[in-house]
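Peer 1: Under this note's numbering, the letters of the sequence shown match residues 107 to 522, in that order. Please read through the structure below; I'll follow up with questions.
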Amino acid sequence: MAQVAKTLHVRNLKQPTTIVTKLNPIQKPFVWIGTIAAAILFVMILVTSGSIQAILYLLGIALGVTLLHARFGFTSAFRRLVSVGNVQGIQAHMIMLAVATTLFAIILGTGFSFTGTTPTASVSPVGVSILVGSFVFGIGMQMGNGCASGTLYNLGGGKSSMILTLIAFIAGSVIGAYHLGFWLDLPSLPPISLAESTGFGYFGGWIVQLLIFFGIYGVTVKIAKKKKPPQMKPLATTSGFKKIWRGAWPLVTAGVVLAVLNALVLSVRGTPWGVTSAFVLWGSKFLQFFGVDVASWSYWQGNTQALQQTVLADSTSVLNFGIILGAFIAAAFQGNFKPGKIKPGVAASSIIGGLLMGYGARLAFGCNIGAYFSGIASFSLHGWVWMVMALAGSFFGLYCRKVFGLSNPSKNDSFC
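This is the structure we're talking about:
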């Protein structure tokens, strides 16, 4: 009876996303390896590409640490919502987006920049390509068990299957770039900004988006009351200052930190945080090495310089490298870097999921970061469309997961 009462208590009361408990010992050799590797790469970036790229690399490390410490998920948040009605992840998203929107409104409205580069919002067209691409991405991130940012930080954190997901993600991105001309010829509306295209301005657009965030948050509260879903399993943490580098962080705290870091990326390089454009670059340079004329593709028209330069000159690439290393160092401090064997079903699902995410991200002008997070924070209508279609794709993706033996949250679970 005591266990039943405890289970009911867990299911019906909102639980914290962290719990103070004994942590695994620090994996000191891995901490040193990660720190030394991060320092060497920092020097290489500074020497070859300059101080701005080096700063972005450090911001990438901070993003990786934040994502890992909170296990901040986009894939898992969508999966928990559509499967059992758990709204903790989506609520954290809304708080993150509200903070990011506020900061973006100030930066974009005033033209503030740390480097003199005029900040530009991430606003993209709304057409057939984004409808299809975001839906496909939604399926892919459930099968790949991670989104774009999730693939990077889970790879750094020691999740073995993410190696397959990333390779397939890169391949899918290249295929999507090759086909992009066809998709861009399909019907589409022009880029629509809720701030600039409506005449509201950034202050008016900020008010509109805050009302939307507040409305969605209110709906999630009602969903939780009706569904009474299992709560997220709290992550192990500690107390005091050691929590900064040792223990897990509350989900909402991480969301706020991610919003601030995204705003810093915008004010340093002039464009918001993105992930998947680097995957296209890596894959295209690989094909180019073997003689494929990728520069002739419509995707690369007007930007062939990136194909000739080192990847350390690409701001999105150095952000991605930072995320992987930041997550690796954070996992080592937590004592959680423990790669394991990859089951055949997981391997197959990871590869298919990666391919779908890569292809979908190119069609949708971005992923869960570039289109959803940065798009909505930039007041772009395409970010909201991405969210709706990716949620629909995630619902379909739940059934695809079962085919490969992957589990989904159940209403009978104590935690999800």
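Just so you know, even glycine gets a beta-carbon here, dropped at the ideal spot from N, CA and C. As the structure is a prediction and not an experimental result, all values here were calculated from the model.
Classify Ala-111: buried if its beta carbon has 16 or more other beta carbons within 10 angstroms, exposed otherwise.
Peer 2: Below a pLDDT of 50, predicted positions are generally treated as unreliable, and Ala-111, at 35, falls in that range; no measurement from the model is reported.
Peer 1: Just mark Ile-158 as buried or exposed, buried being the case when its beta carbon has 16 or more other beta carbons within 10 Å.
Peer 2: Looking at its Cβ environment, which holds 16 or more other Cβ atoms inside 10 Å, Ile-158 is buried.
Peer 1: Span of the alpha helix (DSSP H) holding Thr-343?
Peer 2: Here Thr-343 belongs to no alpha helix (DSSP H); instead the beta strand (DSSP E) covers 341 to 343.
Peer 1: Measure the C-alpha to C-alpha separation of Leu-119 and Pro-335 and round it to an integer number of angstroms.
Peer 2: No answer about Leu-119 holds up, because its pLDDT of 43 lies below 50 and its placement is not dependable.
Peer 1: In whole angstroms, give me the CA-to-CA distance for Gly-503 and Ile-132.
Peer 2: Whole-angstrom Cα-Cα distance: 36 Å.
Peer 1: Give the DSSP-derived three-state secondary structure of Ile-430 in the structure shown.
Peer 2: Looking at Ile-430 - three-state DSSP - the assignment turns out to be helix.
Peer 1: Nearest-angstrom Cα distance between Ala-227 and Phe-218?
Peer 2: Approximately 12 Å between the Cα atoms of the pair.
Peer 1: Specify the secondary structure class of Val-232 as computed by DSSP and reduced to three states.
Peer 2: If DSSP states are grouped into helix, strand and coil, Val-232 belongs with the strands.
Peer 1: Let me know the beta strand (DSSP E) ranges lying completely inside the segment 385 to 434, each 3 residues or longer, listed in chain order.
Peer 2: If we require 3 residues or more, the segment 385 to 434 turns out to have no beta strand (DSSP E) run fully inside it.
Peer 1: In whole angstroms, what is the alpha-carbon distance linking Gln-361 and His-199?
Peer 2: The sequence as given places Gly at residue 361; Gln does not occur at that position. Roughly 7 Å between the two C-alpha positions.
Peer 1: Taking the alpha carbon of Thr-359 as the reference point, which residue from Gly-222, His-285, Met-268, Val-171 has its own alpha carbon closest?
Peer 2: Selected option, being the one with the closest Cα: Val-171.
Peer 1: Return no unless some Cβ of chain D is closer than 7 Å to the Cβ of Met-493.
Peer 2: In the structure shown, chain D cannot be found, because there is only a single protein chain.
Peer 1: Shortest alpha-carbon distance to Pro-515 belongs to which of Arg-186, Arg-177, Ala-168?
Peer 2: Of the candidates Arg-186, Arg-177, Ala-168, the one whose C-alpha sits nearest the C-alpha of Pro-515 is Arg-186.
Peer 1: Figure out for me which residue from Asn-426, Leu-461, Gly-428 has the closest Cα to the Cα of Met-249.
Peer 2: When each option's Cα is compared against that of Met-249, the closest is Leu-461.
Peer 1: When you compare the CB positions of Lys-333 and Gly-191, do they come within less than 7 Å of one another, or not?
Peer 2: Yes. Within cutoff.
Peer 1: Using the three-state DSSP reduction, which class does Ser-294 fall into: helix, strand or coil?
Peer 2: Residue state, collapsed to three classes: strand.
Peer 1: By alpha-carbon positions, which one of Ser-240, Ser-235, Leu-152, Phe-439 ends up nearest to Ala-354?
Peer 2: When each option's Cα is compared against that of Ala-354, the closest is Phe-439.
Peer 1: Can the beta-carbon of Val-188 be found less than 7 Å from the beta-carbon of Ser-513?
Peer 2: No, Cβ-Cβ distance for Val-188 and Ser-513 is not below 7 Å.
Peer 1: Ala-401: which of Tyr-284, Gly-464, Lys-447, Ser-456 sits nearest, CA to CA?
Peer 2: Checked all of Tyr-284, Gly-464, Lys-447, Ser-456; the closest Cα to Ala-401 is Tyr-284.
Peer 1: Which class does Thr-124 belong to by DSSP, given the choice of helix, strand or coil?
Peer 2: Residue state, collapsed to three classes: strand.
Peer 1: Compute the Euclidean distance between the alpha carbons of Phe-320 and Val-494, then round it to the nearest angstrom.
Peer 2: Each residue's Cα considered, the two are about 17 Å apart.
Peer 1: Could you compute how far the alpha carbon of Thr-141 sits from the alpha carbon of Ile-435?
Peer 2: Rounded to whole angstroms, Thr-141 to Ile-435 spans 7 Å at the Cα level.
Peer 1: Verify whether the separation of the beta carbon atoms of Cys-253 and Phe-180 is less than 7 Å.
Peer 2: Yes.
Peer 1: Can you list, in chain order, the stretches of the beta strand (DSSP E) that have 3 or more residues and sit fully within the segment 132 to 188?
Peer 2: The segment 132 to 188 contains no whole beta strand (DSSP E) run of 3 or more residues.
Peer 1: Going by DSSP, what residue range makes up the alpha helix (DSSP H) through Thr-208?
Peer 2: Segment 194 to 216, the alpha helix (DSSP H) holding Thr-208.
Peer 1: Going by DSSP, which residues form a beta bridge with Phe-319?
Peer 2: According to DSSP, Phe-319 bridges with nothing at all.
Peer 1: If we ignore side chains and look at the alpha-carbon of each, how far apart do Thr-223 and Gly-511 end up?
Peer 2: Computed Cα separation, rounded: 48 Å.
Peer 1: Helix, strand or coil, according to DSSP, for Ser-516 in the structure here?
Peer 2: It is coil, neither helix nor strand.
Peer 1: Sort Ile-281, Gly-472, Ala-183 by Cα distance to Asn-251 and report the nearest one.
Peer 2: That would be Ala-183, whose Cα lies nearest to the Cα of Asn-251.
Peer 1: Let's test the definition: count the other Cβ atoms within 10 Å of the Cβ of Ser-533 and tell me whether it reaches 16, buried, or not, exposed.
Peer 2: Examination of residue 533 is not possible in this model, given that the chain is present from 107 through 522 alone.
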